[in-house]
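So that you can map any letter, position 39 of the sequence shown is 403 in this note's numbering, and since no number is skipped, the others follow by simple counting.
Even glycine gets a Cβ: it sits at the ideal position worked out from N, Cα and C.
Quick caveat, the model's predicted, so the values are computed rather than measured.
In what follows, a structure is listed as structure tokens, so that the remarks can point back to it.
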Amino acid sequence: MVETMKFDFIKALGMIHLKNLTEINLSQKNENRFFCIDTYTALKNFISKSLDKQSFEKDECIAFAHMVYGWMPTILNDANDEIGTWANDDWVKIKGCLEKARSGENFGVDELKNVMVLTNNSIVGTSKLLHFINPNVYPIYDSRVFHAIRKLAGDKKKTEDSNTVNDENKYLAYVGWVHRVINEDKEGQSLIEMKTQLKEKGFVNDEASNVRVVEVLLYINGKEE
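Structure, rendered in structure tokens:
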């Protein structure tokens, strides 16, 4: 039996540049503007306003995790069962990591794992929580983003189970790649044009950060054919 070659997500990121994103077909129009723009903006603004008034506390950590997980197909059962057993030191650690995310400090695998306990140990859920806390730094990551990278790298077949999306190192590599691609746009013109197209199609509004623009482009491109 021939062994199937597994797709190397992190290696593929090194092959993809800003030019590849500008070539993504944006012919489709968004039929769910409420989900992509209105709900997104409401979540982002609410969390931003809440954090302007105070620092992270236990209640905010739990509430924010549930809010952003509303975009997920399952509720936070695992986290709910464990929350009652967490000691104060656990909360101090989690809050410290979220403060790092908000301030844009160095955020590594250890910090990511600490935050993941809030979201059923889901990297997808965690990426959404981090994005709404700091939308200029952390992109949302899910199976469609994963498959978009696969397609842009020239791998047309699904060579890896979608469960492999749930990987801390892949997400951190993806975060770094998003900022590398943004920095390739020295004049900022390509990102402006991409954002304009996404706005015309109903996928983003004026408030969308460059990080959000790149992520939405990938989300569109990652739709299964």
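query, result
"8 Å CB neighbourhood of E532 in its chain, flanking five on each side removed", "V473, L476, K477, M480, I487"
"Contacting residues, own chain, Cβ-Cβ under 6 Å from I388 (five flanking each side not counted)", "L581, N585"
"Exposed unless 16 or more other CB atoms sit within 10 angstroms - verdict on T490", "buried"
"For A512 and A429, the rounded distance between their alpha carbons", "26 Å"
"CB contact flag (Y505, Y535, <7 Å)", "yes"
"C-alpha gap between S554 and D402, whole angstroms", "25 Å"
"Member of T560, W541, N394, D570 whose CA lies at the smallest distance from the CA of G378", "W541"
"Local Cβ density within 10 Å of K383, reported as buried at 16 or more and exposed below that", "exposed"
"Own chain, CB closer than 7 Å to N498, minus 5 neighbours either side, in chain order", "A465, R466, G468"
"Exposure of I556, with buried meaning 16 or more beta-carbon neighbours within 10 Å", "exposed"
"DSSP-derived helix/strand/coil call for M365", "Low confidence applies here, because M365 scores a pLDDT of 42, under 50, leaving its location unreliable; read the following figure in that light. Looking at M365 - three-state DSSP - the assignment turns out to be coil, as it is neither helix nor strand."
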